[in-house]
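If you use the numbering used here, the sequence shown corresponds to residues 89 to 321, in order.
Note that beta-carbon positions come from the ideal geometry of N, C-alpha and C, so glycine has one too.
Note that this is a predicted model, so its numbers are computed, not measured.
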Amino acid sequence: MKAKTIFRHRAGKAVFAALLLAFMSQPGAATLDRIKATGVTVACLDPEALPSSDSRLAPPGYDVEIAEEFAKSLGAKLQFNWFVHAYTSNVLRQLYDEKCDFVMGLPADRRLEGAGSPQLALSSPYLLNGFAVVVANQIAARGLDDLRGQQIGVIMHTVPDFFVFDNGFARSLHAKQSEMFEALTKRTISAGIIWASTAGWLLKQHPEANLKILSELRPEFRFPMAVAVKKGD
């Protein structure tokens, strides 16, 4: 049975824009005045996370297309602050320091709006994503429990990293998803836990890697995605 990712294939950008433009249409007065004065709004986007975004813009990714619709709605030109989203606290610092006006593609986890981040507001979710387990085609496994004792690749300081550590799996730490994917293709690790949308994209682009996504969908790996702004906006 062919494994399915929890990523839901994007609809047209106009559909996403319709869901979110109301959220972005009334930014805080100071922010809105600056955008009108400069004619520019800045989005924080992940530089290496196709199909959602890519700094080379060839293709740009659906988060870039949605961000472009936001800019149009504000009558502004879109500029980018490319920042790896795996390190959420660093991305949010970009927002709080006004180095971007909004952040695309953060987990819609209301804990981010709690005591630790009182300056943050999240939109309604616009996409269901999460983490998928990728292995070589010849590995007979249905889920993570079948991979105990084998090296499992994770991005440092992410939900999968904490999960495999807390549950006694052998982990291999990586800084980038592309780095982990390369380790998978070279078979230096047995499995990698990658954003499901990116995993699906990479497997489609590199069929020669002979990799597959396991069908197991752990609830703790599922995340609706949202747009983040400062609470005043």
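Inter-residue distance for E267 and N225 is about 19 Å (C-alpha atoms, whole angstroms). F250 is classed as exposed because its beta carbon has fewer than 16 other beta carbons within 10 Å across all chains shown. Looking at the DSSP output, E136 bridges to D142. Scanning D321, K318, G320 and A314 for the CA closest to the CA of P195 turns up A314. The beta carbons of F311 and G241 sit no closer together than 8 Å. When C-alpha distances from E308 are compared across L261, I281, Q207 and L162, the shortest belongs to I281. By the Cβ neighbour-count rule, G288 is buried, with 16 or more other Cβ atoms within 10 Å of its own. Considering only C132, A131 and A117, the residue with the shortest C-alpha distance to A125 is A117.
Your pair L272 and L299 checks out as a contact, with CB atoms roughly 6 Å apart and the cut at 8 Å. When the five nearest sequence neighbours on each side are left out, the beta carbons in the same chain lying within less than 6 Å of the beta carbon of A279 are those of V221, V223, L235 and I240, in order along the chain. The segment 164–172 makes contact with the segment 122–139; the number of CB pairs closer than 8 Å reaches 3 or more.
Apart from sequence neighbours up to five positions away, the residues of its chain that approach A297 with a beta-carbon distance below 6 Å are T273, ordered along the chain.
Distance from Q265 to T286 at the Cβ level is roughly 6 Å; contact confirmed, criterion being Cβ atoms closer than 8 Å. Of all alpha-carbon atoms in A284, Y150 and K319, the one lying nearest the alpha-carbon of Y214 is that of Y150.
With contacts defined by Cβ atoms closer than 8 Å, F190 and A316 form a contacting pair.
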